[in-house]
Amino acid sequence: MTPIDNHSDDHHVLAIVGSGFAGVGAAIRLAHHHEGSVVIFERAASLGGVWRDNDYPGAACDVQSVLYSFSFAPSADWRTVFARQSEIRAYLERVARDHGLMPRLRTRCAVESITWDTARSRWILQTERGTSTADHVVLATGALADPAIPDIADLHTFSGPVFHSAQWDHSVDLTNRRVAVVGTGASAIQFVPQIQPLVSSLILFQRTAPWVMPRNDAPISRRTRAATRWIPGVQKLRRAKVFALRELKLAAFRHPRLMAIGEKEARAHLAHAVADPALRAKLTPDYRMGCKRILISDNYYPALAQPNVDVNTTGIARATSRGLIDTDGVEHSVDAIIFGTGFDTSRLPLTDVVTGPAGSTLSEHWGDSQRAYMGTSVAGFPNLYLMHGPNIGLGHTSVIMMLESQLRYIDAAMTLQDDRGATTVEPTVAAEDDFVRDVDDLTDGTVWTSGGCSSWYLDSTGRNSNLWPASIAGYRRRASVFRADDHLTRTAGGQS
Ligand code: NAP
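If you use the working numbering, the sequence shown closes out at 1789, no skipped numbers anywhere.
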């Protein structure tokens, strides 16, 4: 093992790892604590997180932009109800610039390990460009950072291009090519309709049919945009309306029988676009709506109904140099294979290289089920915060509101430490246990556990360790009342 240099001169009060919505939000909301001593490490060449990486054709948000943006940085510029990836990326860059974050950003600087230095009560960050130290670390690496490509036998023997939707190879011209797409999640249903008109044939390997609802995207008129910009209260009103409508939908996730209403609409949406009963049967889900992410699209089903598309539901047995062989033994010759197979969600990024005071990594500490107080801080790991941590994901609305509430909590925890003149702060074991018990109780009976599907929301133990299973308002309430008693602070000489 390489010895760690723990006497780096590059010391910061706060080090943030990752520069997507979570990292940018953290830098803005927490900088006031220690202006001038905040650094953001970013492994890529620019900021943006998932909205930088996922630039596949058709990439867009499936939450209305008026809500999928920071409450403290509203924009009147969205041109459509659901913004495109390039707009969202530009928005995030603009917010970062407006708040003076660029000088704090260190791009192409992947963090390789984060280790607690007990003697000096600080974190040591080993990066690809050297060693830094920080009093506090915010891991803002996101839950969907590392693309997952399934382990298909002999895939390496395939002679054509192979890529994942989050690493789209724009140098590959798909025009008049035979293309295989694997996966039918939120990403695939956005890029399949974009490439279908270009390609000569498209074989779509579907393991589980998603529930797809109408998207109903529309341009935002000049008049609405002008009113949003100039008339006080309009922006807030539009946001509040979308927020309320989405919060109402939570009732069906918590009382799955109500999902029958949405299922009826989704079936009609399918029937309207797909006349062939055999294809319709393949595309009809066999589990309760909401168990997996509910997708929205107006062009996915029409694309699948085109004569150059074949939906294969038998599964993939192996690859050959020419294409993919399905489990019926049929070889499908293609020129390119595109994976829309999602992300490694079994562990949060970097958690296997964050080593706490007890000498174990966060991953080792957790075992097979990740957990955190407020989905954010972990007993035994002082001064460490996980943005989009365990149980922060959402199935029904904009996660950015969760991130903002997390920041409110982190801000309060750092303030407690400052006020007490302490060097560290962390949640107590009992408080973390209580929070996790609440999450488990709130998850009980929801569609995520009773809907009859297998989803990445549940971990290998069957626990929901990814989603916040209640209302945003509920989480926000918890985050706005900071409980000092739930925390342990230590000074160099003792603890309180
Ligand atoms: P995903 O939702 O995890 O979907 C992955 C797809 O690949 C599923 O259809 C899955 O099938 C399939 N798959 C995985 N492994 C496979 C295998 N070995 N063989 C065959 N099929 C396989 O991934 P995603 O579409 O990239 O979306 C990930 C998340 O990103 C979403 O849940 C959402 O949170 C986010 N997202 C958001 C937006 C947005 O508009 N805001 C857009 C895109 C993505 P099974 O269903 O059978 O597992």
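Beta carbons are placed, not taken as given, at the ideal position from N, Cα and C, and that holds for glycine.
The structure displayed is predicted, hence computed values, not measured ones.
- Query: Looking at residue 1627 and the ligand NAP, is the gap between the Cβ and the nearest heavy atom below 7 Å?
  - Reply: As a first step, residue 1627 is located in the sequence shown; it is residue number 334 there, counting from the start. Flag unset: Cβ of residue 1627 not near the ligand NAP.
- Query: Thinking C-beta only, is residue 1392 closer than 8 Å to residue 1321?
  - Reply: Start at 1 with the first residue of the sequence shown, and residue 1321 comes out as number 28. Start at 1 with the first residue of the sequence shown, and residue 1392 comes out as number 99. A contact, by the Cβ cut-off of 8 Å.
- Item | Helix, strand or coil at residue 1667 according to DSSP, with G and I counted as helix | In the sequence shown, residue 1667 corresponds to position 374, counting from 1. Residue state, collapsed to three classes: coil.
- Message: Quick check: does the Cβ of residue 1448 come within less than 7 Å of any heavy atom belonging to the ligand FMN?
- Response: The ligand FMN is not part of this structure, which contains only the ligand NAP.
- Message: Here's the rule: buried if 16 or more other CB atoms are within 10 angstroms of the residue's CB, otherwise exposed. What is residue 1654?
- Response: As a position in the sequence shown, residue 1654 is number 361, starting the count at 1. Counting the other CB atoms within 10 Å of its CB gives residue 1654 a total of 16 or more, which places it among the buried residues.
- Task: Can you check the stretch 1464-1519 for any beta strand (DSSP E) of at least 3 residues that lies completely inside it and give the ranges in chain order?
- Result: 1471-1475 and 1494-1498
- Query: CB residue 1327 to CB residue 1340, shorter than 8 Å?
  - Reply: As a working mapping, residue 1327 is identified with position 34 in the sequence shown. As a working mapping, residue 1340 is identified with position 47 in the sequence shown. No; because the gap between Cβ atoms is not below 8 Å, this pair is not in contact.
- Query: What residue range is occupied by the uninterrupted beta strand (DSSP E) comprising residue 1729?
  - Reply: Along the sequence shown, read from residue 1 onward, the residue named residue 1729 stands at position 436. Taken as a continuous stretch (DSSP letters only), residue 1729 belongs to no beta strand (DSSP E), being part of the alpha helix (DSSP H) at 1722-1736.
- Residues near residue 1785 in its chain [Cβ-Cβ closer than 8 Å; skip 5 each side]: Position 492 of the sequence shown holds residue 1785. When the five nearest sequence neighbours on each side are left out, the beta carbons in the same chain lying within less than 8 Å of the beta carbon of residue 1785 are those of 1414 and 1716, in order along the chain.
- Would residue 1813 be called buried (16 or more neighbouring beta carbons within 10 Å of its own) or exposed? No statement about residue 1813 is possible, as the shown extent of the chain runs from 1294 to 1789 and does not include it.
- Query: Could you give the distance in angstroms between the alpha-carbon of residue 1603 and the alpha-carbon of residue 1488?
  - Reply: For the purposes of this step, residue 1603 is taken as residue 310 along the sequence shown, with counting starting at 1. For the purposes of this step, residue 1488 is taken as residue 195 along the sequence shown, with counting starting at 1. If you take the alpha carbons of residue 1603 and residue 1488, they lie about 14 Å apart.
- Message: Please classify residue 1295 as buried or exposed, where buried requires at least 16 other C-beta atoms within 10 Å of its C-beta.
- Response: Here residue 1295 is taken as the residue at index 2 of the sequence shown, counted from 1. For residue 1295, the predicted structure reports a pLDDT of 37, less than 50, and the residue's modelled location is therefore unreliable. A value from the coordinates is still provided. Result: exposed.
- Three-way DSSP call (helix, strand, coil) for residue 1342 in this model: As a working mapping, residue 1342 is identified with position 49 in the sequence shown. Residue state, collapsed to three classes: coil.
- Task: Please name the residue in 1556, 1437 and 1565 whose C-alpha comes closest to that of residue 1581.
- Result: Locating residue 1581 in the sequence shown gives position 288, where the first residue counts as 1. If we check each option's Cα against that of residue 1581, 1556 comes out closest.
- Task: Would you mind giving the Cβ-Cβ distance between residue 1723 and residue 1670, rounded to the nearest angstrom? I have them listed as a contact below 8 Å.
- Result: Translated into the one-based positions of the sequence shown, residue 1723 becomes position 430. Translated into the one-based positions of the sequence shown, residue 1670 becomes position 377. The distance from the Cβ of residue 1723 to that of residue 1670 is about 14 Å, inconsistent with a contact at the 8 Å cut-off.
- Where does residue 1554 land, buried or exposed, given buried means 16+ other C-beta within 10 angstroms? Along the sequence shown, read from residue 1 onward, the residue named residue 1554 stands at position 261. Label assigned to residue 1554: exposed.
- Message: So the candidates are 1587, 1585, 1597 and 1583; which of them puts its Cα closest to the Cα of residue 1571?
- Response: Residue numbering aside, residue 1571 sits at position 278 when the sequence shown is read from its first letter. Here the closest residue by C-alpha is 1597.
- Rounded to a whole number of angstroms, what is the C-alpha to C-alpha distance between residue 1425 and residue 1301? Here the question's residue 1425 lines up with position 132 in the sequence shown. Here the question's residue 1301 lines up with position 8 in the sequence shown. The straight-line gap from Cα to Cα measures roughly 6 Å.
- Item | For residue 1780, the three-state DSSP class (helix, strand or coil) | Position 487 of the sequence shown, counting from 1, holds the residue named residue 1780. In the structure shown, residue 1780 sits in a strand (DSSP, three-state: E or B).
- Take residue 1575 as the anchor and find which of 1583, 1512 and 1504 has the nearest alpha-carbon. Residue 1575 sits at position 282 when you count from the first residue of the sequence shown. Among 1583, 1512 and 1504, the Cα nearest to that of residue 1575 is on 1504.
- Task: Assign residue 1303 to one of three DSSP states: helix, strand, or coil.
- Result: Counted from its first residue, the sequence shown places residue 1303 at position 10. Reduced to three states, the DSSP call for residue 1303 is coil.
- Query: Who pairs with residue 1674 in a beta bridge, going by DSSP?
  - Reply: Here residue 1674 is taken as the residue at index 381 of the sequence shown, counted from 1. Per DSSP, 1671.
- Leaving out five residues on either side along the sequence, give the residues of the same chain with a beta carbon under 7 Å from the beta carbon of residue 1317. As a position in the sequence shown, residue 1317 is number 24, starting the count at 1. 1340, 1385, 1388, 1389 and 1394, listed in sequence order.
- Integer Cβ distance of residue 1508 from residue 1591, believed to fall under 8 Å: Along the sequence shown, one-based indexing puts residue 1508 at 215. Along the sequence shown, one-based indexing puts residue 1591 at 298. Their Cβ separation, rounded to whole angstroms, is 5 Å, which keeps residue 1508 and residue 1591 in contact under 8 Å.
- Flag this pair as yes or no: are the beta carbons of residue 1369 and residue 1522 separated by less than 8 Å? To locate residue 1369, count along the sequence shown from 1; it is residue 76. To locate residue 1522, count along the sequence shown from 1; it is residue 229. Yes; because the gap between Cβ atoms is below 8 Å, this pair is in contact.
- Query: Beta carbon of residue 1360, beta carbon of residue 1691: below 8 Å?
  - Reply: On the sequence shown, residue 1360 is found 67 positions in, with the first residue counted as 1. On the sequence shown, residue 1691 is found 398 positions in, with the first residue counted as 1. Result yes, Cβ atoms of residue 1360 and residue 1691 sit closer than 8 Å.
- Item | Cβ-Cβ distance between residue 1664 and residue 1719 below 8 Å | Here residue 1664 is taken as the residue at index 371 of the sequence shown, counted from 1. Here residue 1719 is taken as the residue at index 426 of the sequence shown, counted from 1. No. Outside cutoff.
- Message: the ligand NAP and residue 1363: does any heavy atom of the ligand fall closer than 7 Å to the residue's C-beta?
- Response: Locating residue 1363 in the sequence shown gives position 70, counting from the first residue. No heavy atom of the ligand NAP is found nearer than 7 Å to the CB of residue 1363.
- Message: Measuring only from the beta carbon, is residue 1536 closer than 7 Å to any heavy atom that is part of the ligand NAP?
- Response: To locate residue 1536, count along the sequence shown from 1; it is residue 243. Not under cutoff, so the answer is no.
- Message: What residue range does the alpha helix (DSSP H) around residue 1696 cover?
- Response: The residue given as residue 1696 occupies position 403 in the sequence shown. Unbroken alpha helix (DSSP H) run through residue 1696: 1692-1712.
- Output the boundary residues of the beta strand (DSSP E) element that contains residue 1363. The residue labelled residue 1363 in the question sits at position 70 within the sequence shown. From DSSP, residue 1363 is part of no beta strand (DSSP E); its letter is neither H nor E.
- Query: Taking the alpha helix (DSSP H) that residue 1531 falls in, what are its first and last residues?
  - Reply: As a working note, residue 1531 is residue 238 in the sequence shown. That run of the alpha helix (DSSP H) goes 1527-1547.
- Item | C-alpha distance - residue 1778 paired with residue 1727, whole-angstrom precision | Numbered from its first residue, the sequence shown carries residue 1778 at position 485. Numbered from its first residue, the sequence shown carries residue 1727 at position 434. Answer to the nearest angstrom: the Cα atoms are 13 Å apart.
- Would you say residue 1356 touches the ligand NAP, meaning its beta carbon is less than 7 Å from a heavy atom? Position 63 of the sequence shown, counting from 1, holds the residue named residue 1356. Answer for residue 1356: yes, Cβ within range of the ligand NAP.
- Query: Are residue 1485 and residue 1593 close, meaning C-beta to C-beta below 8 Å?
  - Reply: Position 192 of the sequence shown holds residue 1485. Position 300 of the sequence shown holds residue 1593. Yes. Within cutoff.
- Item | Cβ contact check for the stretch 1445-1453 and the stretch 1601-1616: 3 or more pairs under 8 Å | Between the stretch 1445-1453 and the stretch 1601-1616 there are three or more inter-stretch CB-CB distances shorter than 8 Å, so the stretches are counted as touching.
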